[in-house]
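>
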Amino acid sequence: MRESTLQIVNYVMIAVLFFTVLLHLALHGFFGFVDYEGSLVYSDVVTRYRQTIPAVMLTVLLISAAFHGLYGLRNILLEFRSGPVWDRTVSYGVLVAGIALVGWGMRTIVLTAMGG
Amino acid sequence: MADAIVSVEPARKRRKSPVGDQVRWAFWRPMNVEKLALLVQRISGLALLVYLFFHVFVTGFVASGGAAWTGIMEALSNPLTHLGEFLVFVGVIFHGVNGIRILLLELSPLVGTPARPDYPYKAQSLGRGQKSILYISAVMTALAAVSAFFLLFW
Amino acid sequence: MAATVEAPGVTQVAAKPPGVVLLRVYRHNPAIPGDEAKIVTIRVPRLFGMTVLDALIWAKENVDPSLAFRCSCRMGICGSCGMQINGIPKLACETQLKELEGDRIEVAPLQNHPVVRDLATDFTGFFGKHRSVRPHVVRAGAEPARIERELLQTEEQKLAYYQFTMCIMCGLCNSACPIATMDAQFLGPQAIAQAYRFTADSRDQGRAARLPVLDGHHGAWRCEIAGSCSAVCPKGVDPALGIQLMKRTLLRRR
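Those protein sequences? They're chains A, B and C, same order as listed. Quick note, the first sequence lines up with residues 13 to 128 if you use our numbering. Quick note, the second sequence lines up with residues 5 to 158 if you use our numbering. Quick note, the third sequence lines up with residues 7 to 260 if you use our numbering.
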């Protein structure tokens, strides 16, 4: 896969991440519209997970944050050593970490949304 | 004219180490502000990635019921965690606004357009436009720090 | 005694009085087994208009003939005398002593290049990276290209890449670049800017040929716009600009 392909995906993720992160911070009181402590009460949190739009937003936030963060980590790690073996190890290692992270987050969202 | 030699001393050996190499360049000259911004961008990015893993793990407790959730929230309601959240918020604001600057440099004419280089050479890519965005990001980071201080500690 | 020369529109720095500077030169000969790197401090008389290169030549002629450094044109066009002067990669022939602060001048070989001897560094890797981006006009079809007519170009087409032709391959940008410091395989600002010089040339048809190197793991995308390359370039090439334009070209190929 060409680097420019990954970079285009990264640009898209950056655009998505920018807005979802700001929304997420706003919904938890960091910009003053909502009470910080109140946003963490269990019943409120669960209600949010069970509504479609917030759940989708959290999923999108998770995927874009995981991609952007791990892509940055991969770029830093690629500098440490030379050679195709290292390049492949880093790229696939980071991919596995990303799948694990998104998988755990999706588990949380799905179980909470479906739980009684 | 050997008397013109004032002294001979051993040169400092540079030890190569992965972490040392990653940070040492930031303090080599030339010390331009964009290079320092890159260092802070990398550090904030890595710190936010570590936080992301931690955050996704902690929020996983909501799937285990009200008692588990309330328990972990109470365990994490201490000044140290609030300091962590403070740093996360400050880091997000700097990383995001400086990131916009990088995005504009890569994709828009902010970086400059090729022209005839005439002395004294002023690099367009180090121009005032992108420097002002960098200073805006510093100002917004400071504002974020103040507001997060009042939110989390006051 | 301060001497200033009046000239319209030109700001002059008052000349420092004649005296001495302490030239602290990095000395090392890796070809001699067991030779340790050292800093030799040499007292050099400060003469009016002296450059760091003048000081080095004085030291070589009057103190130690074994002092090794590269130089040629002494006027900032050959790119041979690149070295770290007080920690910043500069051309020794274009660095006046009077523009340096203090009387102690640290002279060291360029970073990110292996040392051949004293201040002379090995440019094999540097030239290799340059060659890997095919720095010549590439025409479609077999090489060498059959050119039967002149390849005409308008002034606008020339200006699209002209500033990047000013590169003298002095190596200062690759020394200053933090990514090149950490990643030995990174192409470096010089090679990527030169790749853009040819990609943006209307006579060139070789963008596809250069793609594998430029769009690879250690190509143009590893640049993170630290800007140090453009900060040290002595010829106004602005390699950072070239690299960002190269990135946009790589995106546009879709």
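Using N, Cα and C, we set each Cβ at its ideal position, and we do this for glycine too. The model shown is predicted, which means the values in this text are computed figures rather than measured ones.
Taking the beta carbon of Q117 (chain C) as the centre, do at least 16 other beta carbons fall within 10 Å, making it buried, or is it exposed?
So Q117 (chain C) counts as buried.
> Find the nearest neighbour of E42 (chain C) within the set B:P83, B:L107, B:A15, B:S129, judged by alpha-carbon distance.
Closest by alpha carbon: B:A15.
> I need the straight-line Cα distance from I97 (chain B) to T145 (chain B), nearest angstrom please.
Spanning the two alpha carbons is a distance of roughly 6 Å.
> Give a yes or no on contact between the stretch 191-207 of chain C and the stretch 233-248 of chain C, applying the rule of three or more CB pairs nearer than 8 Å.
In short, these stretches touch, since the Cβ pair count reaches three.
> In chain C, which residues lie with their C-beta within 9 Å of the C-beta of R119 (chain A)?
By Cβ distance, chain C contributes nothing, its closest Cβ being about 32 Å from R119 (chain A), past 9 Å.
> Rounded C-beta distance between C235 (chain C) and C179 (chain C)? I'm assuming under 8 Å.
With 8 Å as the limit, C235 (chain C) and C179 (chain C) qualify as a contact, their Cβ atoms being about 4 Å apart.
> Should the stretch 123-141 of chain C be regarded as contacting the stretch 59-79 of chain C, the criterion being three or more beta carbon pairs within less than 8 Å?
Touching, yes.
> Name the chain A residues whose beta carbon is nearer than 8 Å to that of K185 (chain C)?
As written in the sequence, residue 185 (chain C) is Ile, which differs from the Lys given in the question. What I185 (chain C) touches in chain A: E91.
> With a cut-off of 9 Å, does the C-beta of G233 (chain C) fall near any C-beta of chain B?
Output row for G233 (chain C): interface = yes.
> Can you tell me where the beta strand (DSSP E) with V37 (chain B) in it begins and where it stops?
Counting along the chain, V37 (chain B) falls outside any beta strand (DSSP E), though it belongs to the alpha helix (DSSP H) covering 37-63.
> Which same chain residues, not among the five before or five after L18 (chain A), have their C-beta less than 6 Å away from its C-beta?
Around L18 (chain A): no qualifying Cβ.
> Along the stretch 80-95 of chain C, where does the CB come closer than 7 Å to a CB of chain A? Name the residues.
If the cut-off is 7 Å between Cβ atoms, the stretch 80-95 of chain C has nothing near chain A.
> Does the beta carbon of L50 (chain B) sit closer than 9 Å to a beta carbon anywhere in chain C?
No, because no Cβ of chain C sits closer than 9 Å to the Cβ of L50 (chain B).
> If the cut is a Cβ gap below 8 Å, which residues of chain E does S236 (chain C) touch?
The chain labelled as chain E is not found among the protein chains of the depicted structure, namely A, B and C.
> Is it the case that the stretch 206-216 of chain C contacts the stretch 140-159 of chain C, given that we only count it when at least three CB pairs across the two stretches are under 8 Å?
The stretch 140-159 of chain C is in contact with the stretch 206-216 of chain C.
> Any idea which residues DSSP pairs S11 (chain B) with across the strands?
Note: S11 (chain B) sits in a beta bridge opposite C:T47.
> Examine the Cβ distances between the stretch 37-56 of chain B and the stretch 50-68 of chain A and report whether three or more of them are shorter than 8 Å.
Touching, no, given that fewer than three Cβ pairs across the two stretches are closer than 8 Å.
> Does any CB atom of chain C fall closer than 9 Å to the CB of V44 (chain B)?
No, its Cβ sits nowhere closer than 9 Å to a Cβ of chain C.
> Take R52 (chain C) as the anchor and find which of C:E149, C:A114, C:L106 has the nearest alpha-carbon.
The shortest C-alpha separation from R52 (chain C) is found at C:L106.
> Here's the rule: buried if 16 or more other CB atoms are within 10 angstroms of the residue's CB, otherwise exposed. What is C79 (chain C)?
C79 (chain C) should be labelled exposed.
> Could you list which residues in chain B have their beta carbon closer than 8 Å to that of A77 (chain A), in chain order?
Simply L56.
> Is there a Cβ from chain B that is less than 9 Å from the Cβ of V97 (chain A)?
Not one chain B Cβ lies under 9 Å of V97 (chain A).
> Between the Cα of F61 (chain B) and those of A:A125, A:V114, A:E15, spot the shortest distance and give me the residue it belongs to.
When each option's Cα is compared against that of F61 (chain B), the closest is A:V114.
> What's the C-alpha gap between D60 (chain C) and D7 (chain B)?
D60 (chain C) and D7 (chain B): Cα-Cα distance of roughly 19 Å.
> Locate the beta strand (DSSP E) running through K96 (chain C), then write down its first and last residues.
Note, K96 (chain C): beta strand (DSSP E), 94-97.
> Please return the same chain residues whose Cβ sits closer than 6 Å to the Cβ of N35 (chain C), not counting the five positions on each side in sequence.
So the list reads D41, R123, once near-sequence residues are dropped.
> Return the CA-CA distance between L107 (chain A) and L89 (chain A), expressed in angstroms with no decimal places.
Rounded to whole angstroms, L107 (chain A) to L89 (chain A) spans 13 Å at the Cα level.
> For R110 (chain C), which beta-bridge partners are listed by DSSP?
Per DSSP, C:L28.
> Could you give the C-beta distance for I94 (chain C) and V58 (chain C), rounded to a whole number, given that I count them as a contact under 8 Å?
Actually they are not in contact, since the Cβ atoms of I94 (chain C) and V58 (chain C) sit about 11 Å apart, beyond 8 Å.
> Put I119 (chain A) into one of helix, strand or coil per three-state DSSP.
Before going further, note that residue 119 (chain A) is Arg rather than Ile in the sequence given. It is helical.
> At a cut of 8 Å, does the stretch 44-58 of chain A reach the stretch 250-258 of chain C through at least three beta carbon pairs?
No contact exists between the stretch 44-58 of chain A and the stretch 250-258 of chain C.
> Between which two residues does the alpha helix (DSSP H) containing G84 (chain A) stretch?
Start and end: 64-89.
> When DSSP labels each residue in this structure, what does V122 (chain C) get in the three-state scheme?
If DSSP states are grouped into helix, strand and coil, V122 (chain C) belongs with the strands.
> Assign T10 (chain C) to one of three DSSP states: helix, strand, or coil.
The pLDDT assigned to T10 (chain C) is 46, lower than 50, so where the model puts this residue is not dependable, and the model offers no usable value.
> Examine chain C for any beta-carbon lying closer than 9 Å to the beta-carbon of E15 (chain A), and answer yes or no.
It does: the Cβ of E15 (chain A) has a partner Cβ on chain C nearer than 9 Å.
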